[in-house]
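One structure is given below, encoded as structure tokens.
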Amino acid sequence: MYKIRSVPLSRRAFAGGVSLVGLFSGLGVSAAFAGPNDGFGQAEWAQRYDSDDRLVVPRSSTPLLSPETLAATEAAIQKYQQFVASGGWPTLNGPTLKVGVRSQAVIALRARLMASGDLDSSAGASPVFDSYVEAGVKRFQARHGLGQTGVVAKQTYAALNIPAEIRLRQLETNLVRLRSFASNLGRRFVTANIPAAMVETVENGQVMTHHAAGVGKIDRQSPVMQARVLDINFNPYWTVPASIIRKDLIPKMQADPTYLSENKIRIFNKDNVEVQANQINWNSLDAVNYRFRQDPGGDFNSLGVVRINIANPYGVYMHDTPAKGIFGDDYRFVSSGCMRVQNVRDYVAWLLKETPGWDRDHIDQVIASGERVDAKLGEAVPVYWVYITGWGTPEGIVQFRDDIYQRDGLGQIAAYQAAPAGGDDGHGGTSVGLKPADQQDD
68 MYKIRSVPLS RRAFAGGVSL VGLFSGLGVS AAFAGPNDGF GQAEWAQRYD
118 SDDRLVVPRS STPLLSPETL AATEAAIQKY QQFVASGGWP TLNGPTLKVG
168 VRSQAVIALR ARLMASGDLD SSAGASPVFD SYVEAGVKRF QARHGLGQTG
218 VVAKQTYAAL NIPAEIRLRQ LETNLVRLRS FASNLGRRFV TANIPAAMVE
268 TVENGQVMTH HAAGVGKIDR QSPVMQARVL DINFNPYWTV PASIIRKDLI
318 PKMQADPTYL SENKIRIFNK DNVEVQANQI NWNSLDAVNY RFRQDPGGDF
368 NSLGVVRINI ANPYGVYMHD TPAKGIFGDD YRFVSSGCMR VQNVRDYVAW
418 LLKETPGWDR DHIDQVIASG ERVDAKLGEA VPVYWVYITG WGTPEGIVQF
468 RDDIYQRDGL GQIAAYQAAP AGGDDGHGGT SVGLKPADQQ DD
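In the working numbering, the protein residues as written are 68 to 509.
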């Protein structure tokens, strides 16, 4: 059954010129809860909704850490203050919604998307989920880091139902974080935004490359830090950290005694002499007294073909991965604290572009050789691992990401994220925060 919980509304207009009072009073009680044969038809449009440049969510070339993003976030706060003053938006709870569905829930969905500027105010009150509603849903999903499927189910319902006042507080919290990174970051630097699971390289105030990332799980969090990229290992060995030996490797060996050999992981004692797996008591913590090292190999080594070393006290780094399928997932909180980088060759080529002898062709040749090779950067590149869950862009887009580590101090967001509503959104994820890791390797 479709449900809508109304909130008090005022007559004050909010940003974008959409009035919630006018919107809902225009619908009327009978219209809002009309039946399937109420006469509402599909909206007529002068042009295709999804071709409207005002409603496109572009990939910004403005760095996340910049005075421009800071100013845009301040403007976003003013916009959301007006949303709150206008009464916010209703809470939705209904079935899975997608193109072709005819439901009373679509009426409230249209109203909700209009309220946040994701659907034009002339979209009307049809109960038909048409291509224009789909485009509005995709715009909303893009702003919230969700796969742009146009389907409204669990994850999308959860994001839609976070109140405007909570989103406002989220922006205010992140404004403080952004202010601490508004200047003097360097001519060339890297930003890794943990909640967005994204990495960007910045040069002379412009974003040069974007990369999806796999970051730390909730119980093995990637640290917020400022560090420097010093050198790069091609075709690296992977030495298993002691914490992963205890948490992952021992249980895997208890379940499958061939796990180490199948994954080309060798065992060495304190004298650096190789030993066999059957010499270790896997029903105890005996394994932590040994060193476990995985052979190089892009198809199986947990670090893939590249490891990027960054000076920091946490023992974390950035690297490639053989499990590249994670980069297509919405939920990429899968590591033990290190950061996996999509299109790592492009990333490494940018890092080494000012280091003589390391052009892209040479990088590809070294990787293809399979040999263990190190490259030291001619000049260390600053890298900032940050925690930004809400920000504005100079294009007028307001972006939000899940407060995955619960650092915003807004516990209500977690409650909305966990609330059941509808089915699977169709982009590979389950309820927010519940998707298991595909690997536990770094």
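Beta carbons: idealized from backbone N, C-alpha and C, even for Gly.
- prompt: What residue ranges within the stretch 121–181 form continuous beta strand (DSSP E) runs of no fewer than 3 residues, ordered along the chain?
  reply: Correct list: 158–160.
- prompt: Between the beta-carbon of MET385 and the beta-carbon of ARG399, is there less than 9 Å?
  reply: With contacts defined by Cβ atoms closer than 9 Å, MET385 and ARG399 do not form a contacting pair.
query: If THR513 and THR136 are in contact, beta carbons under 8 Å, what's the gap, nearest whole angstrom?
result: Here the chain comprises residues numbered 68 to 509, so residue 513 is not present and cannot be evaluated.
field: Which residues DSSP lists as bridging ASN300, in chain order
entry: Partner(s): ARG374, ASP441.
task: Give the secondary structure of TRP516 by DSSP, where H, G and I count as helix, E and B as strand, and everything else as coil.
output: Examination of residue 516 is not possible in this model, given that the chain is present from 68 through 509 alone.
task: Assign ALA220 to one of three DSSP states: helix, strand, or coil.
output: Note: ALA220 maps to coil in three-state DSSP.
- prompt: Rounded C-beta distance between LYS331 and GLN361? I'm assuming under 8 Å.
  reply: Between LYS331 and GLN361, the beta carbon gap of about 6 Å places them in contact (Cβ cut-off 8 Å).
field: Inter-stretch contact at 8 Å, needing at least 3 Cβ pairs: the stretch 364–380 / the stretch 337–348
entry: Taking a contact to require three or more Cβ pairs closer than 8 Å, the stretch 364–380 and the stretch 337–348 do not qualify as touching.
field: Bridge partner(s) assigned by DSSP for GLN361
entry: Partner(s): TRP305, ILE332.
- request: Pull up the distance between the alpha-carbon of LYS58 and that of ARG295, whole angstroms please.
  value: Residue 58 lies beyond the residue range present for the chain, which begins at 68 and ends at 509; the question has no answer from this structure.
- request: Rounded to whole angstroms, what's the CA-CA distance from GLY457 to SER250? Just pull it up for me.
  value: In this structure, the alpha-carbon of GLY457 lies about 19 Å from that of SER250.
task: Pick helix, strand or coil for HIS211, following the three-state DSSP scheme.
output: Three-state result, HIS211: coil.
task: Using 10 angstroms around the beta-carbon of LYS146, count the other beta-carbons present and answer buried if the total reaches 16, otherwise exposed.
output: LYS146 should be labelled buried.
message: Per DSSP, what are the beta-bridge partners of TRP458 in this structure?
response: DSSP output for TRP458 lists GLN466 as bridge partner(s).
- prompt: If you draw a straight line from the alpha carbon of ARG206 to that of SER127, how long is it in whole angstroms?
  reply: About 15 Å.
task: Can you have a look at ARG254 and say buried or exposed, based on whether 16 or more other CB atoms are within 10 angstroms of its CB?
output: Per the 10 Å Cβ criterion, exposed.
task: Pick helix, strand or coil for GLN321, following the three-state DSSP scheme.
output: It is helical.
- request: Check whether the stretch 217–234 touches the stretch 151–162, counting contact only when three or more Cβ pairs, one atom from each stretch, lie closer than 8 Å.
  value: Cβ pair count under 8 Å is three or more, so yes.
Per-residue DSSP class, three states only, for THR258: Secondary structure of THR258 (DSSP, three-state): strand.
task: With a cut-off of 8 Å on the beta carbons, I'd call ASP315 and LYS443 a contact; round off their distance for me.
output: LYS443 and ASP315 do not touch by the CB rule: their CB atoms are close to 32 Å apart, not below 8 Å.
query: Taking three-plus beta-carbon pairs below 8 Å as touching, is the stretch 316–331 in contact with the stretch 376–384?
result: Three or more Cβ pairs closer than 8 Å define a contact, and the stretch 316–331 falls short of that threshold against the stretch 376–384.
query: GLU267 lies in the beta strand (DSSP E); which residues open and close that run?
result: Taken as a continuous stretch (DSSP letters only), the beta strand (DSSP E) holding GLU267 covers 265–270.
Buried or exposed (CB count within 10 angstroms, at least 16 for buried), VAL166: By the neighbour-count rule (16 or more Cβ atoms within 10 Å), VAL166 is not buried but exposed.
- request: With a cut-off of 8 Å on the beta carbons, I'd call TRP156 and ALA192 a contact; round off their distance for me.
  value: About 15 Å separates the beta carbons of TRP156 and ALA192, which is beyond the 8 Å limit, so they are not a contact pair.
- prompt: So, are the CB atoms of THR223 and GLN208 less than 9 Å apart?
  reply: For the 9 Å CB-CB criterion, THR223 and GLN208 form a contact.
- prompt: Is it true that the CB of VAL440 sits closer than 9 Å to the CB of ASN302?
  reply: In this structure, VAL440 lies closer than 9 Å to ASN302 by Cβ.
field: Assigned exposure category for ARG72 - 16 Cβ within 10 Å defines buried
entry: Bear in mind that a pLDDT of 41 at ARG72, under 50, signals an unreliable position, so the number given afterwards is only what the model happens to contain. By the 10 Å Cβ count, ARG72 comes out exposed.
query: Given a threshold of 16 other Cβ atoms within 10 Å of its Cβ, counted over all protein chains shown, does ILE197 qualify as buried or as exposed?
result: Sequence check: residue 197 is Asp here, not Ile. When all chains shown are included, ASP197 counts as buried.
task: For GLN450, count neighbouring Cβ atoms within 10 angstroms of its own Cβ and tell me buried if that reaches 16, exposed if not.
output: Per the sequence shown, the amino acid found at residue 450 is Val instead of Gln. By the 10 Å Cβ count, VAL450 comes out buried.
- prompt: Looking only at its own chain, which residues have a Cβ that is under 7 Å from the Cβ of LEU239, when we skip the five neighbours before and after it?
  reply: It is worth fixing the name first, because residue 239 is Glu in this sequence and not Leu. ILE144, listed in sequence order.
- request: Please state if the CB of SER310 and the CB of SER436 are separated by a distance shorter than 9 Å.
  value: No. Outside cutoff.
message: Between the alpha carbons of ASP187 and LEU180, how many angstroms are there, rounded?
response: Cα-Cα distance, rounded: 8 Å.
task: Pull up the DSSP beta-bridge partners for MET406, would you.
output: DSSP lists MET385 as partners of MET406.
message: Taking a contact to mean a Cβ-Cβ separation below 9 Å, would you say ASN300 touches ASN376 in this structure?
response: In contact: ASN300 and ASN376 (Cβ atoms closer than 9 Å).
field: Cβ shell of ARG287 (< 6 Å), same chain only, five flanking positions each side left out
entry: SER403, GLY404, listed in sequence order.
message: Between the alpha carbons of GLY217 and GLY203, how many angstroms are there, rounded?
response: GLY217 and GLY203 have their C-alpha atoms some 8 Å from each other.
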